[in-house]
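Adding 307 to a residue's 1-based position in the sequence shown gives its number in the numbering used here.
Let me begin by presenting the structure, written as structure tokens, before commenting on it.
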Amino acid sequence: MAEAVKRLYPKAKLGIGPAISDGFYYDFDIDEPIKPEDLAKIEQEMKKIVKENSEFARQEIPKKEAKSLFTKLGEKYKLELIEGLKGVSVSVYRHGNFVDLCKGPHVARTGDVKVFKLLSVAGAYWRGIETNPMLQRIYGTAFENKPELDKFLKIIEEAKKRDHRILGKKLDLFSFNAEMGAGLVLYHPKGAILRTIIEDYIKREHIKRGYQPVISPHILKSDIWVQSGHYEYYKENMYIFKIENKEFAVKPMNCPGHILVYKSHKRSYRDLPFRLFELGSVYRHEKSGVLHGLLRVRGFTQDDAHIFCLKEQIEEEVVGIIDFVKETLKVFGFDKYTVELSTRPKESIGADEEWKEATEALKNTLKNKKIPFEINEGEGAFYGPKIDIKLKDALGREWQCATIQCDFALPERFKLKYTSKDGKEEKPIMLHRVILGSMERFLGALIEHYAGNFPLWLAPVQVAVIPITSKQNDYAENLTRLMAEKDMRAITDTRDEKMQKKIRERELEKIPYLAIVGEREAKDDKVSLRSKSKGNIGEMPVEKFLSIIEEEIKNKKT
Ligand code: ZN
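Rendered as structure tokens:
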């Protein structure tokens, strides 16, 4: 694609062009805007290049030589990339007359490229930084054969309809506000209700499983972050400020607060495992270029817990967490997920031996539970290895939710202790874990999974009561009050509009049930029930109607 673009727009400058999970993209600096209709032209040129079937040749060249090569080509962004690469040499790939800085690997020849399609074009700041030039990013995908591509395109089509950013606006759940700041979510009443229902549920489940809720402050003095290692390894993502000459940071993670709760008392082996839970709101600076709806934000709330335990309790605790994740996902309508194990990254704290031990503990637990997993080398947290669980939504797309991290390092840094059976002072292990992950991201997944058609127990408005004429307004409002007393979320639509119009509009709002009341219903203490999924259910006494709704909410039917 990069060569095709260069052939059509000789003045184009190349940015970066990585493979991503669903295909690839490439960033170009081009004077004229590339319009969606230009993509077909670029595709045509790509087909020609495939037909030419030229060979890809890899070449390892000294940095100095690479610099003079890309200076000659006028590729200023490549020069910047070379500057940032470690080592004395870099690799370039050539085919035909085209050369690019690339670490590879590549297919052998351009003819090996089979079915591909360019999907879209979007603006992207160079390196995702707002003050850098805005480049044009072309997205594309490639498959082995046409049926696979067609299947993928169909999913994209469906995904567009379910996009949580669009549905979030349409259903009035949340918004973003440029004046307030990018990447910060403003929950509207319906979104806030939805989130509260999820939070209430998850909080109760934690308490049931022996976790103790705590609440820690949103800002902590920098000294704490120095001690935890965040200051050294995570500073770029933190909001740091000074007041009265003391430096503070807004918490990017909840761990230190929980550690301080642990440290507030002398602990014995009998106190372990000690499980602390918090719906903790954290703030992390993300580059503006990577922000994406609810999926990548700068402020989010985690269902975060830290378990302080003995080494020999790790496995049992991890098993408990995995079961917790499985049960929770099922309640929310997700029954498929994948598991990954991430190992020690380059930038990290702690002794090799402890990393090995922690990684083995996680690996053995997965093996013993017969859970298939993949290994992500070097993708662990800076303080320990982790298990990531990604849920699969209705379209088969993966969403990061739960993580379980095993940590020997923070207990060491904070000098955590417990008294062992034989009276000695020992260091506990710390497990960091989330179940849903970020409430924001989980909400995004939930919206797209259900395409906004939430099951009754989650629906922000469960029932709309629609009087046929204004004569039934009082009866309708009484019914709504009755439901409110039973913790049901109902509204009365007393607008001076035709009944058909009210029904249509409330169904577009994806309200699961409509209770229509006319003269006859009001006289006999009845409603005519209409379900969004099943259509007209018919007339029934109010008592029966209420018990149908109550039952469905209680069962959390998905
Ligand atoms: Zn933590």
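Backbone N, C-alpha and C fix where the C-beta goes; we use that ideal spot for every residue, glycine too.
Just so we're clear, the structure is a prediction, and the values are computed from it rather than from any experiment.
Ligand 1 heavy atom lying under 7 Å from the CB of residue i
| i | result |
| --- | --- |
| C562 | yes |
| H613 | yes |
| H739 | yes |
Ligand 2 heavy atom lying under 7 Å from the CB of residue i
| i | result |
| --- | --- |
| H537 | Ligands present in the displayed structure are limited to ligand 1, and ligand 2 is not among them. |
Rounded distance between the beta-carbons of residue j and residue i, thought under 8 Å
| i | j | result |
| --- | --- | --- |
| N918 | L648 | The chain is shown only over 308 to 865; residue 918 falls outside these bounds and no answer can be derived. |
| L598 | G490 | 4 Å |
| G751 | H402 | Not confirmed; about 40 Å, so no contact. |
| I742 | A668 | Incorrect: roughly 20 Å between the Cβ atoms, too far for contact. |
| Q519 | R582 | 7 Å |
| V772 | T787 | 5 Å |
| R651 | W706 | Not a contact, Cβ separation roughly 25 Å. |
| C708 | G759 | Incorrect: roughly 19 Å between the Cβ atoms, too far for contact. |
| K839 | K817 | 7 Å |
| I368 | A311 | Not quite, the Cβ-Cβ distance comes to about 25 Å (not below 8 Å), so this is no contact. |
| R416 | N360 | 5 Å |
| K830 | P848 | No, K830 and P848 are not in contact; Cβ-Cβ is about 12 Å, not under 8 Å. |
| G447 | M308 | 6 Å |
| F631 | R516 | 6 Å |
| K793 | L753 | At roughly 24 Å, the Cβ-Cβ gap does not stay under 8 Å, so K793 and L753 are not in contact. |
| F584 | H513 | 4 Å |
For residue j and residue i, the rounded distance between their alpha carbons
| i | j | result |
| --- | --- | --- |
| M795 | L717 | 45 Å |
| R577 | S396 | 57 Å |
| L346 | I694 | 40 Å |
| I389 | I656 | 29 Å |
| R605 | Y541 | 14 Å |
| K320 | F423 | 23 Å |
| A658 | A665 | 11 Å |
| F615 | K476 | 41 Å |
| L480 | I823 | 25 Å |
| P679 | L673 | 7 Å |
| Y546 | V770 | 43 Å |
| E619 | N862 | 37 Å |
| A544 | N439 | Before going on, a small fix: residue 544 reads as Asn here, not Ala. Cα to Cα, the separation comes out at about 19 Å. |
| R444 | I341 | 9 Å |
| E362 | I463 | 32 Å |
| D530 | G536 | 10 Å |
| E859 | E660 | 52 Å |
| H592 | G488 | 12 Å |
| E624 | A688 | 19 Å |
| K468 | F450 | 23 Å |
| D800 | L586 | 35 Å |
| I500 | Q712 | 31 Å |
| S835 | R511 | 35 Å |
| E387 | F331 | 21 Å |
| T503 | R740 | 21 Å |
| K370 | L376 | 10 Å |
| D781 | E826 | 12 Å |
| F639 | Y538 | 37 Å |
| L478 | K549 | 40 Å |
| E804 | A766 | 24 Å |
query: Does the region 329-338 come within contact of the region 309-318, defined as at least 3 CB pairs closer than 8 Å?
result: yes
- request: Let me know the alpha helix (DSSP H) ranges lying completely inside the region 706-770, each 4 residues or longer, listed in chain order.
  value: 716-720 and 746-757
task: Please specify which runs of the alpha helix (DSSP H), each continuous and at least 4 residues long, are wholly inside the region 506-556, giving them in chain order.
output: 529-535 and 537-540
- prompt: Taking contact to mean at least 3 C-beta pairs separated by less than 8 Å, is the region 635-648 in contact with the region 695-710?
  reply: yes
field: Uninterrupted alpha helix (DSSP H) stretches inside the region 611-641 (no shorter than 4 residues)
entry: With a minimum length of 4 residues, the continuous alpha helix (DSSP H) runs that stay inside the region 611-641 are 621-638.
Inter-stretch contact at 8 Å, needing at least 3 Cβ pairs: the region 547-564 / the region 508-524: yes
message: Does the structure place the region 724-736 close enough to the region 552-562 that three or more beta carbon pairs sit under 8 Å?
response: Taking a cut-off of 8 Å for Cβ pairs, the region 552-562 and the region 724-736 do not touch, as fewer than three such pairs fall below it.
- request: Decide yes or no for the touch test of the region 403-421 against the region 431-446: beta carbon pairs closer than 8 Å, at least 3 of them.
  value: no
Start-end ranges of the alpha helix (DSSP H) lying completely within the region 549-601, minimum 4 residues: 562-570
3-residue-minimum beta strand (DSSP E) runs that sit fully inside the region 761-848, ordered along the chain: 770-774, 797-799, 820-824, 833-838 and 842-848
query: Unbroken alpha helix (DSSP H) runs of length 4 or more, entirely within the region 308-379: which are they?
result: 309-315, 345-359 and 370-379
query: Which ranges would you report for the alpha helix (DSSP H) in the region 649-684 if only whole runs of at least 4 residues count?
result: 659-675
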